[in-house]
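Numbering (this note's numbering), first residue to last: 1095 to 1269. Using N, Cα and C, we set each Cβ at its ideal position, and we do this for glycine too.
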């Protein structure tokens, strides 16, 4: 009975919050136990693009499948092709999160892939993620990486608290 009241209260809260602004696109899977939600996969246990990973802090991340894009002439570094990812960060913690702490490293077929900034196409990089993220909200980061012209296996290693602060998790797939 207590669980039903809590669930009903949570649904009401979410419905009211939805009226106040945009809905939250990514939320942790509520069917998981607290222990399961706090487990962060190791870097060797890579997740497919589109999967959700949740850290013990309550932060969760989903990395979209990449889309290929021809960079503009002003892109830095110059590249013939980029792999563009949408990374959705949901703050399920009780404190505000600073996306400037977010760390992403990418490889293409095992070689480091440089983050590409192409302001002409709205790809301003991770450095542009400065707005504080309140609890219960999400944000989307658009990140691009320089990749070879042919298809490659991409791996994105993510640490929401920065390098050395959180356990890393890896997302992988073709780009």
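Cα-Cα separation, residue i to residue j
i, j, result
"residue 1240", "residue 1189", "34 Å"
"residue 1194", "residue 1147", "19 Å"
"residue 1222", "residue 1198", "14 Å"
"residue 1124", "residue 1231", "Because residue 1124 carries a pLDDT of 45, less than 50, the predicted location of this residue cannot be relied on, and the following value inherits that uncertainty. Between residue 1124 and residue 1231, the C-alpha separation is close to 16 Å."
"residue 1263", "residue 1162", "23 Å"
"residue 1226", "residue 1192", "5 Å"
"residue 1246", "residue 1269", "5 Å"
"residue 1261", "residue 1253", "6 Å"
"residue 1212", "residue 1238", "8 Å"
"residue 1218", "residue 1207", "16 Å"
"residue 1180", "residue 1159", "8 Å"
"residue 1242", "residue 1210", "13 Å"
"residue 1244", "residue 1233", "31 Å"
"residue 1202", "residue 1216", "22 Å"
"residue 1265", "residue 1196", "15 Å"
Residue i - containing beta strand (DSSP E), residue span
i, result
"residue 1178", "1175-1185"
"residue 1262", "That residue, residue 1262, is in no beta strand (DSSP E); it is neither H nor E in DSSP."
"residue 1253", "1247-1253"
"residue 1241", "1232-1241"
"residue 1201", "1197-1202"
"residue 1206", "1205-1207"
"residue 1189", "Segment: none, residue 1189 is in no beta strand (DSSP E) and carries neither H nor E."
"residue 1217", "Premise fails: residue 1217 is in no beta strand (DSSP E) and is neither H nor E."
"residue 1163", "1161-1163"
Residue i burial status per 10 Å Cβ neighbour count (16 or more: buried)
i, result
"residue 1271", "Only positions 1095 to 1269 of the chain appear in the structure, and residue 1271 is not among them; the question remains open."
"residue 1164", "exposed"
"residue 1175", "buried"
"residue 1204", "exposed"
"residue 1171", "exposed"
"residue 1228", "exposed"
Under 8 Å between C-beta atoms of residue i and residue j
i, j, result
"residue 1145", "residue 1156", "yes"
"residue 1200", "residue 1235", "no"
"residue 1142", "residue 1255", "no"
"residue 1248", "residue 1173", "no"
"residue 1214", "residue 1168", "yes"
Chain C within 8 Å of residue i, Cβ atoms only
i, result
"residue 1196", "Among the chains in the structure shown there is no chain C, since it carries only a single protein chain."
beta-carbon residue i near the ligand NAP non-hydrogen atom, thresh 7 Å
i, result
"residue 1232", "Among the components modelled here there is no ligand, and therefore nothing to report on the ligand NAP."
Report task. Determine, using beta-carbon pairs with one atom in the region 1176-1196 and one in the region 1152-1160, whether at least three such pairs fall under 8 Å. Result -> Between the region 1176-1196 and the region 1152-1160 there are three or more inter-stretch CB-CB distances shorter than 8 Å, so the stretches are counted as touching.
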